[in-house]
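Data block below; observations after.
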Amino acid sequence: MSAEPETERKVSFGFEEVTESEKVARVKGVFRSVASRYDLMNDLMSAGVHRLWKHDAMNRVNPQPGERHLDVAGGTGELARAFLELADKAGKRRGIDKPATAIVSDINDAMLEAGKARADNAKWEGRLDWVCADGQNLPWADNSFDVVTVSFGIRNFADRVAGLKEFRRVLKPGGRLAVLEFSHMTAPALQAAYDTYSFNVIPQLGSLVAGDKESYQYLVESIRKFPDQETFRAEIEGAGFSNVSVTNFSGGIAALHFGWAV
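Letter 41 of the sequence shown, counting from 1, is numbered 27 in this note's numbering, and no numbers are missing.
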């Protein structure tokens, strides 16, 4: 007698409950739809503040010459380019001519194509690569990277804990993990005001600028479903990282979780 087929686990897709495979497919659809206007929409939604958050995150990473960086769910490659820039500056200060390298990994080919089309990639020729890959099943050997970063992408994983374990696997012992993600505000009154803005303004902005209200409705809902700072910190520690710190940006609208591979 044949065994009953295993029922696929349900996860959140915004405020809906879907199977893991359905979430992967639908997230791909969301980012394929918004890829061409992704950077512009980020600037409009945050009034450009997301660039300051990313700047502070990369300063915390402290890139060094000769290091190898993986930016998971890296989309248009903003963090990877910043990593290379800062690593070169560190090398120049110390008189070390050892180029760092970076790989932008994303499950969505449309996001990667939008990133590869940017003119500012030319200066990094031979040092910046683009790979279409699932963050929960990375195609690199153990202990391959000095730094792994994820910027506003891990909330879209079907299984973020599986992703965190993959990050630990591909990091060298002593490597650094930096996860920048929308989070929960530290003051309940501010959270209520932010929710009002998010649910009423961002989907409409998505409709006007990107021609896609539904995708931005999902993105707002996915932010609210993401765990709070301390819950996510515990998940990172459980995946094999130590000395995990949390830095809140703009009162907790976003948070940087930083840890070390042990």
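We put the CB at the ideal spot given by N, CA and C, even for glycine.
The alpha helix (DSSP H) that contains residue i, what's its start and end?
| i | result |
| --- | --- |
| residue 185 | 174 to 191 |
| residue 77 | 64 to 80 |
| residue 199 | 199 to 211 |
| residue 38 | 35 to 47 |
| residue 98 | 95 to 102 |
On the DSSP letters alone, give me the boundaries of the beta strand (DSSP E) that residue i sits inside.
| i | result |
| --- | --- |
| residue 229 | 227 to 235 |
| residue 55 | 54 to 58 |
| residue 5 | 2 to 5 |
| residue 88 | 87 to 92 |
Look at the alpha carbon of residue i and the alpha carbon of residue j, and state the distance between them as a whole number of angstroms.
| i | j | result |
| --- | --- | --- |
| residue 239 | residue 34 | 14 Å |
| residue 46 | residue 201 | 31 Å |
| residue 198 | residue 82 | 47 Å |
| residue 172 | residue 184 | 17 Å |
| residue 59 | residue 187 | 25 Å |
| residue 127 | residue 156 | 6 Å |
| residue 254 | residue 99 | No information on residue 254 is available, as it lies outside the stretch -13 to 248 that the chain covers here. |
| residue 191 | residue 248 | 43 Å |
| residue 103 | residue 244 | 30 Å |
| residue 96 | residue 145 | 22 Å |
| residue 226 | residue -6 | 26 Å |
| residue 177 | residue 212 | 14 Å |
Which term fits residue i, buried or exposed, when burial requires 16 or more other beta carbons within 10 angstroms of its beta carbon?
| i | result |
| --- | --- |
| residue 189 | buried |
| residue 229 | exposed |
| residue 123 | exposed |
| residue 28 | buried |
| residue 221 | buried |
| residue -13 | With a pLDDT of 46 at residue -13, under the threshold of 50, the modelled position of that residue is not reliable, and the figure given next carries that caveat. Exposed is the call here. |
| residue 194 | exposed |
| residue 106 | exposed |
| residue 36 | buried |
| residue 224 | exposed |
Please check if any C-beta of chain B sits within less than 8 Å of the C-beta of residue i.
| i | result |
| --- | --- |
| residue 57 | Absent here is chain B; the protein component of the structure consists of one chain. |
Count Cβ pairs between the region 123 to 143 and the region 73 to 81 that sit closer than 8 Å; are there 3 or more?
Taking 8 Å as the limit for Cβ pairs, the verdict is that the region 73 to 81 does not touch the region 123 to 143.
Three-pair Cβ contact test at 8 Å for the region 3 to 22 versus the region 159 to 179:
When Cβ pairs closer than 8 Å are counted between the two stretches, the region 3 to 22 is seen not to touch the region 159 to 179, the count staying below three.
Would you be able to state if there are at least three C-beta pairs under 8 Å between the region 84 to 100 and the region 108 to 118?
Taking a cut-off of 8 Å for Cβ pairs, the region 108 to 118 and the region 84 to 100 touch, as three or more such pairs fall below it.
I'd like the ranges of any beta strand (DSSP E) spanning at least 3 consecutive residues and lying wholly in the region 122 to 155.
Note on the region 122 to 155: whole beta strand (DSSP E) runs with a minimum of 3 residues are 131 to 137, in chain order.
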